[in-house]
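Here's the structure we're looking at; comments come further down.
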Amino acid sequence: MSKWGTEAYEDFTPIFDKLISGGLVSNTPSEFRLTQVGKNWLQNIMLEFFDESMWENSAALKQQQSSWAMNNHMIDIGAAKKSYWTERA
Numbered sequence: 000m001s002k003w004g005t006e007a008y009e010d011f012t013p014i015f016d017k018l019i020s021g022g023l024v025s026n027t028p029s030e031f032r033l034t035q036v037g038k039n040w041l042q043n044i045m046l047e048f049f050d051e052s053m054w055e056n057s058a059a060l061k062q063q064q065s066s067w068a069m070n071n072h073m074i075d076i077g078a079a080k081k082s083y084w085t086e087r088a
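So that you can map any letter, position 6 of the sequence shown is 5 in numbering that gives the first Met the number 0, and since no number is skipped, the others follow by simple counting.
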């Protein structure tokens with residue numbers, strides 16, 4: 000069991016299964032690892048793990064201006080519609 004109380008595969012089974020069957024991620028008993036092809040698609044793979052509530056989050060953009068601790072790159076991505084990023088691939 001992980002420090003979060005569940006294993007990543009339990010929480011994200013459909014995503015991992017899709018990435019594994021697509022040849023983007025390999026699975027061993029101890030870890031998930033990006034394949035060489037997966038490394039080329041890292042940004043898109045990351046988007047698969049965004050919670051739906053993170054998309055079109057304009058409130059985070061307003062907070063970003065007042066907090067140096069915010070992850071600007073992730074906020075900029077999340078402020079758009081998911082399709083903006085995934086349809087560009």
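For every residue, glycine included, the Cβ atom is placed at its ideal position computed from N, Cα and C.
Rounded to whole angstroms, the Cβ separation of K80 and E55 is 6 Å, and the two are in contact under 8 Å. Counting along the chain, the unbroken beta strand (DSSP E) around F31 starts and ends at F31 to L33. Contact between G22 and T34 is confirmed by a C-beta separation of about 6 Å, below the 8 Å threshold. As computed with DSSP, N26 is found in a beta bridge with F31. Distances from the CA of F11 to each of Q42, W40 and L46 were compared; the closest alpha carbon is that of L46.
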